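Please read the structure below before turning to the comments.
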Amino acid sequence: MTPRLLKKRTEKAGLPPGSVVFVGEKKLETTNLTIIDYDETHILEKEVNTIEECLPFKDLPTVTWFNVEGLNRTDVIEKMGRSFNLHPLLLEDIVNTGQRPKLDDYGDYLFSVFKMLQFDEQEST
Numbered sequence: 002m003t004p005r006l007l008k009k010r011t012e013k014a015g016l017p018p019g020s021v022v023f024v025g026e027k028k029l030e031t032t033n034l035t036i037i038d039y040d041e042t043h044i045l046e047k048e049v050n051t052i053e054e055c056l057p058f059k060d061l062p063t064v065t066w067f068n069v070e071g072l073n074r075t076d077v078i079e080k081m082g083r084s085f086n087l088h089p090l091l092l093e094d095i096v097n098t099g100q101r102p103k104l105d106d107y108g109d110y111l112f113s114v115f116k117m118l119q120f121d122e123q124e125s126t
């Protein structure tokens, strides 16, 4: 087993399920929040600075996607969880960047994990 895998496991060792501990390599100084809200007739993409700016979208009849970059800021993730009544195990999944792509149905909301592709000009041939 590689040291990288061992490190990921030991960061959460002994903690109860639902503990919000960042598991990943890429850490950002800030958390970037993007709202994508849409229905059959419109689409809105908006970058916001705070969780409070997301709250007006909470009870809209439209589909709303919250994209979060900078998952190492667990305080922001926990605040989002409280603001939107998200399940503790979901918050744990959000900050675990090493998991496989998946889609979970929580009844009132869907949670999806995707791997983001990035283009690296240095490595392109």
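The opening residue of the sequence shown carries number 2 in this note's numbering; numbering runs sequentially from there. Beta carbons are placed, not taken as given, at the ideal position from N, Cα and C, and that holds for glycine. Just so it is clear, the structure is predicted and the values come from calculations on it, not from any experiment.
1. What three-state label does DSSP hand Asp121 in the structure shown?
2. First and last residue of the beta strand (DSSP E) that includes Glu48?
3. Considering only C-alpha positions, which residue in the set Asn50, Asp94 and Phe85 is nearest to Lys59?
4. Could you please give the first and the last residue of the uninterrupted alpha helix (DSSP H) stretch that includes Thr75?
5. Hey, out of Leu87, Lys28 and Glu124, whose CA is closest to Leu111's CA?
6. So the alpha helix (DSSP H) Ile52 belongs to, where does it begin and stop?
7. Can you look up Asp106 in the DSSP assignment and give me helix, strand or coil?
8. Please state whether DSSP places Asp94 in a helix, a strand or coil.
Straight from the coordinates:
1. coil
2. Ile44 to Val49
3. Phe85
4. Thr75 to Phe85
5. Leu87
6. First-last for Ile52: undefined, no H or E at that position.
7. strand
8. helix
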